[in-house]
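Presented below is the structure to which this report refers.
Chains as they are written, first to last, in my numbering: chain A, -12 to 298; chain B, 2 to 322.
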């Protein structure tokens, strides 16, 4: 009985201590950042920023956002940026509800229902190209768009029918609503519905399945095809190689913007982060390093309906 | 446990001091360690919290899950019996959840089929044959197995069972039986440890009576112990099945996630949980697909209620006997 009593007292003590400490921490933290920001304001011309930004959504864009956020925080020590995943749909919904300062999405907000695209401000921060990935045993390196559509809609069941080896075709899809799937369906399959196939969300798993399963075909972002990697074959469409240059010049059709959405006009802090995101330092270094194309290199542009025009 | 003991310990003390307590105010009644009201408040409070939580989850899921029928005007009957799941199709999207309901059921029953004989065998070994060794070594080992996170089972399935299936049975290796094997291994320890407890609960007098009329050890186990533990063993299996039914991550990694009714156990399939985890993040709140996924969640909840009802029913029947 006594032991229990002691334990209870100790527990209460520890609990109250943590409460007090955390309270103190918050108080001192905010006051110190306040004072430092005000002192910097008076001393230096480059206005010091402080505050917190929450970014969330597309997992495809997450690594780039995290990298840029890290650099931004190194430059502005009083700024805290939190980068979460959750998927493009989550990113758009939470940005609209104001829970995320920036919502990341692989698709235009216009293409999602229950999102008021006019209330959101679109920042196209990068471009991602993608193409079909084929198991090397299938023996195909290039397909016409019509043949590619036959393969994905299930009209053709064997690779020999489109000029490959005698091997059964196994489809690897992405989940419904996924940005990668939406882009591939729209620009490679011309809005035809792909047949049912194995469905996986993560690109690494998709790549693993395609490389291990004879006759498997799927699709993924160009950054996942590395130069000396022969585990999967990067498919050319209509004889056009899926390269960064061809995407930039508009010859290769399967690409999409990576978006960052804010609800209305962004605050000063968020605007500063987005400006940094679009700056040459990020666009020429981090964006290619993470496997994306810079928006600045694009010679063509696209609107929400997918109409392509020269820039 | 701790609270219960405190209250029983406090009971005699409070009876002698009952007058004193009655004179105290409300606040000191709650802070007094020996007071009845404090114990009552703690216990009633936790019970109430449980009830509120269960009701709130059910209500929330029901409201969200019914949206697709009430707001989006999907037909409930075609939703649960339809076999075509093409929510993103440009023209005439269709929401038929039957392949997922079927897939969930198939994985659950196949997993139970794989796990049950092994689990009950292990339980008999632990509780009847090697009692000391079983309690000292097997029990902790099985408890460790229960604690392994499901993603680990999924990874093992993805890197060992899937390639094995591909080499020996052809196809991609992602199929119904792979999923069932992975989940079966997962629920094995759960079923085994509950089954062992129920075998231990069989009174020794039954065993002694069996030996006394000349039965061998095996005859005693098969004819006396297992029938006596019968309903609790069934409960163990169904608890394992309800765990299998709710499993998402491990299954998603190995089952292939194809929204079609499998024609054989070597066909890829999908379950209610895998389609929810795969698609939920890509949908926007309140969109049709999002609502449909909530409806799948509601179906999942209803079916797990059915499992609970079955467990209660078996338990009651066991008591009557």
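Cβ coordinates follow ideal geometry from the N, Cα and C atoms, glycine included.
Report the three-state DSSP secondary structure of residue 85 of chain B (helix, strand or coil). coil
In terms of DSSP beta bridges, what is residue 248 of chain A paired with? A:90 and A:109
What first and last residue would you give for the alpha helix (DSSP H) that runs through residue 51 of chain B? 37 to 71
Rounded C-alpha distance that separates residue 105 of chain B from residue 182 of chain B: 14 Å
For a minimum of 3 consecutive residues, which ranges assigned as the beta strand (DSSP E) are wholly contained in the region 121 to 176 of chain A? 157 to 160
For residue 215 of chain B, would you say it is in contact with chain A, using Cβ-to-Cβ distances shorter than 8 Å as the test? no
Alpha carbon to alpha carbon, what distance is there between residue 196 of chain B and residue 113 of chain B? 14 Å
Is there a C-beta anywhere in chain B that falls below 8 Å from the one on residue 42 of chain A? no
Nearest-angstrom Cβ-Cβ length linking residue 232 of chain B and residue 162 of chain A, presumed shorter than 8 Å: Wrong, their Cβ atoms sit about 41 Å apart, outside the cutoff.
According to DSSP, residues forming a beta bridge with residue 41 of chain A: A:69
Taking 8 Å as the threshold (beta carbon to beta carbon), is residue 51 of chain A in contact with chain B? no
Kindly indicate which three-state DSSP category residue 279 of chain A falls into: helix, strand or coil? coil
Which chain B residues are close to residue 185 of chain A, counting only those with a beta carbon under 7 Å from its beta carbon? 173, 175, 257, 258, 259 and 269
Using beta carbons (cut-off 8 Å, strictly below), is residue 167 of chain B in contact with chain A? yes
For the 8 Å Cβ check, are there 3 or more pairs between the region 268 to 277 of chain B and the region 244 to 258 of chain B? yes
Chain-order list of residues whose beta-carbon lies under 8 Å from that of residue 97 of chain B (same chain, five-residue window excluded): 79, 80, 82, 83, 84, 85 and 86
From B:110, B:126 and B:276, pick the residue whose C-alpha is nearest to that of residue 88 of chain B; which is it? B:276
For the 8 Å Cβ check, are there 3 or more pairs between the region 113 to 133 of chain A and the region 218 to 237 of chain A? yes
Closest Cβ-Cβ distance between residue 102 of chain A and chain B: below 8 Å? yes
What are the uninterrupted segments assigned as alpha helix (DSSP H) that are 4 or more residues long and contained completely in the region 145 to 224 of chain B, given in chain order? 151 to 157, 163 to 170, 177 to 201 and 205 to 213
With a cut-off of 8 Å, does the C-beta of residue 6 of chain A fall near any C-beta of chain B? Its pLDDT being 47, under 50, residue 6 of chain A is placed unreliably in this model, and the value from its coordinates should be taken loosely. Closer than 8 Å: no.
What are the start and end residues of the alpha helix (DSSP H) that includes residue 287 of chain A? Not the alpha helix (DSSP H): residue 287 of chain A falls in the beta strand (DSSP E), residues 287 to 289.
Under the three-state DSSP convention, the category residue 236 of chain B falls into: helix
CB contact below 8 Å: residue 18 of chain A versus chain B: For residue 18 of chain A, the predicted model reports a pLDDT of 37, less than 50, meaning its position is unreliable; a value from the coordinates is still stated below. Closer than 8 Å: no.
Taking its Cβ as the centre, do 16 or more other Cβ atoms sit within 10 Å of residue 42 of chain B, making it buried, or is it exposed? exposed
Using the DSSP secondary-structure output, state which residues sit across from residue 257 of chain B in a beta bridge. B:270
Using 8 Å as the threshold, is the C-beta distance between residue 184 of chain A and residue 158 of chain A below it? yes
Residues that residue 339 of chain B contacts on chain A, provided the C-beta gap is smaller than 8 Å: It is not possible to answer for residue 339 of chain B, since the shown part of chain B is limited to 2 through 322.
Whole angstroms are fine: how far does the CA of residue 188 of chain B sit from the CA of residue 144 of chain B? 12 Å
Shorter than 8 Å from the beta carbon of residue 38 of chain B to some beta carbon of chain A? no
Tell me the rounded alpha-carbon separation between residue 222 of chain B and residue 215 of chain B. 13 Å
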